[in-house]
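Undergrad:
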Amino acid sequence: MRGGTVAVVGGSVAGCALASAAARAGADEVVVLERTQGRLADRGLGLCIHDGRAA
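Okay, so the sequence shown: first residue is 100 according to my numbering, each after it adds one.
1) If you count every other CB in all the chains shown that lies within 10 Å of the CB of S118, and 16 or more means buried, which is it?
2) Would you decide whether A121 is buried or exposed? Buried here means 16 or more other CB atoms lie within 10 Å of its CB.
3) For the alpha helix (DSSP H) containing L117, name the first residue and the last one.
4) Anyone know if the C-beta pair for A126 and V112 falls short of 8 Å?
5) Using C-beta distances below 8 Å, list every residue in its chain close to I148, excluding the 5 sequence neighbours before and after it, in chain order.
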């Protein structure tokens with residue numbers, strides 16, 4: 100992939116892995132869209148995948 104914008108819907112493990120792979124493949128911009136409902140909506144919780152540890 101060269102250039103372009105990638106939108107990933109869902110920030111679970113799979114969404115984070117896809118966003119990381121798109122960035123490494125050469126996307127100019129990667130946007131992860133996530134929605135939370137219920138008790139977690141007002142908390143700053145998150146999940147991240149470190150590029151150096153990706154398989």
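A virtual CB, placed ideally from N, CA and C, is assigned to each residue, including glycine.
Computed from a predicted model, the values in this text were never measured in an experiment.
TA: Concretely, from the data shown:
1) Residue mapping note: residue 118 aligns to position 19 of the sequence shown, counting from 1. Correcting the residue type first, residue 118 is Ala in the shown sequence and not Ser. Answer is buried; the Cβ neighbour count reaches 16.
2) Translated into the one-based positions of the sequence shown, residue 121 becomes position 22. Burial call: buried.
3) To locate residue 117, count along the sequence shown from 1; it is residue 18. From DSSP, the alpha helix (DSSP H) with L117 extends over V112 to R123.
4) Here residue 126 is taken as the residue at index 27 of the sequence shown, counted from 1. Here residue 112 is taken as the residue at index 13 of the sequence shown, counted from 1. Not closer than 8 Å, so no.
5) Taking the sequence shown and counting its residues from 1, one reaches residue 148 at position 49. The residues are V112, C115, A116 and S119.
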